[in-house]
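This report concerns only the one structure given below.
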Amino acid sequence: MSQILIIYTGGTIGMMTDPVTKVLKPIDFEHIMDNVPELEKLNCKIKVHSFDEIIDSSNMNPAIWSELAGIILSNYHDNDGFVILHGSDTMAYTASALSFMLENLGKPIIFTGSQLPISAIRTDAKENLMTAIEIAKSKKGDRARVPEVCIYFDYKLFRGNRAFKYNSSKFEAFRSPNYPILAESGVHLRFSANDIRHPQEGTELIIHNNLVSDVAVLKLYPGIGTKVVETILNSDVRGIVMETFGAGNTTTDSWFIDLLKGAIDNGKVIVDISQCKVGTVELGRYDTSRQLKDIGVANGYDMTFESAVTKMMYLLGMFDDPAQVKYYMEFDLRGEITVS
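Below, the structure written as structure tokens:
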């Protein structure tokens, strides 16, 4: 019988309306179990690790990601899979971060949550939780079907570092336009085997806990001024995620290119990702991105914003040399980039 560890961090799934103030407040996991008696029918052993202080996902940070990684490491050999209950607002950030922090992962880590509290009449929480556990315990032979960090929401399983939250008012909260879903739940639970990554045989799980959050974001818009760009590029950070237009294009004004080059020459790593949710950055395809390639801006290809930020944090913790950080920003590490 499979054994699954549920890690309860917080989120809407574990909220209940205060009868006096009508404000949603967190509840302990025992109340969640009371609302899902069907868990006993899953034919697996379930253990629970609940955070001492339940966290609203808006307060998520790298220290908590390290705590999560430590919990997984401590319980890795005793469990067949993990389900992490997490607020949906920053779920894609946490899933992306853990995908980089957990090297050679051989077991499923399934993030889920809900748009409505588990006690609500029309809640999506029960289905999300039940199927996330089903996926976490699914095996083919003696191997996990999905040994990845994933997000399960509204009948779909996404690679964690490929998904982002796009809707706050529908059960279909997440999308992954640049990579196929890994599984879909309906009458049957169907896995897309060819799209799932597996670790190399004989490799052991390695935890990378040193995340460096010295990362700034430069989002371009028509008319962005010199002062704004200077302030961001001159800030006390080592990495900058630059959100550009279309296939990675920016203004070709000399002041802008000169500021980028100066930041790179001073040891900062700048990665170019698109503001478009579908498609990829193609540095050098247009004249408006050729100079970026020439001065050493890293190509973020089709990474999500969440993946680019957390990957930068991971690599800044791994390497002091900006050239190495840039190299691996452009390198597919955990399936976060489409390799043509």
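In our numbering, the protein residues as written are 4 to 343.
Built from N, CA and C at the ideal position, the CB exists for glycine as well.
- If you draw a straight line from the Cα of residue 161 to the Cα of residue 11, it comes to about 20 Å.
- The Cβ-Cβ distance between residue 303 and residue 274 falls below 8 Å.
- Just so you know, the alpha carbons of residue 149 and residue 68 end up roughly 21 Å apart.
- Residue 135 counts as buried, since at least 16 other C-beta atoms from the protein chains shown sit within 10 angstroms of its C-beta.
- Distance from the Cα of residue 266 is smallest, within the candidate group 84, 34, 233, 172, for 233.
- With at least 16 other beta carbons inside 10 angstroms of its own, residue 103 counts as buried.
- Ranked by Cα distance from residue 308, the options 58, 182, 278 are led by 278.
- Beta-bridge analysis with DSSP links residue 52 to 10.
- Non-local beta-carbon contacts of residue 216 in its own chain, meaning distances under 6 Å to residues more than five positions away in sequence, involve 65, 316 in chain order.
- Contact check between the segment 12-30 and the segment 111-130: three or more CB pairs, one atom from each, fall below 8 Å, which counts as touching.
- DSSP, reduced to helix, strand and coil, places residue 189 outside both helices and strands of the structure shown, so it counts as coil.
- In this structure, the alpha-carbon of residue 207 lies about 31 Å from that of residue 177.
- Taking 8 Å as the cut-off, the beta carbon of residue 112 is found closer than this to the beta carbon of residue 85.
- Beyond the five residues adjoining it in sequence on each side, residue 211 comes within less than 6 Å, by CB distance, of 104 in the same chain, given in chain order.
- By the C-beta density criterion, residue 200 is exposed, having fewer than 16 other C-beta atoms within 10 angstroms.
- Taking 3 residues as the minimum length, the beta strand (DSSP E) runs contained wholly in the segment 19-67 are 27-29, 48-53, in order along the chain.
- If you compare the alpha carbons of 26, 295, 49 with that of residue 4, the shortest gap goes to 49.
- Ranked by Cα distance from residue 171, the options 109, 91, 189, 74 are led by 91.
- For the pair residue 59 and residue 13, the CB atoms are nearer than the 8 Å cut-off.
- When secondary structure is reduced to three states using DSSP, residue 69 falls in the helix class.
- Around the beta carbon of residue 96, 16 or more other beta carbons sit within 10 angstroms, so the residue counts as buried.
- Taking the C-beta atoms as reference points, residue 286 is found no nearer than 8 Å to residue 272.
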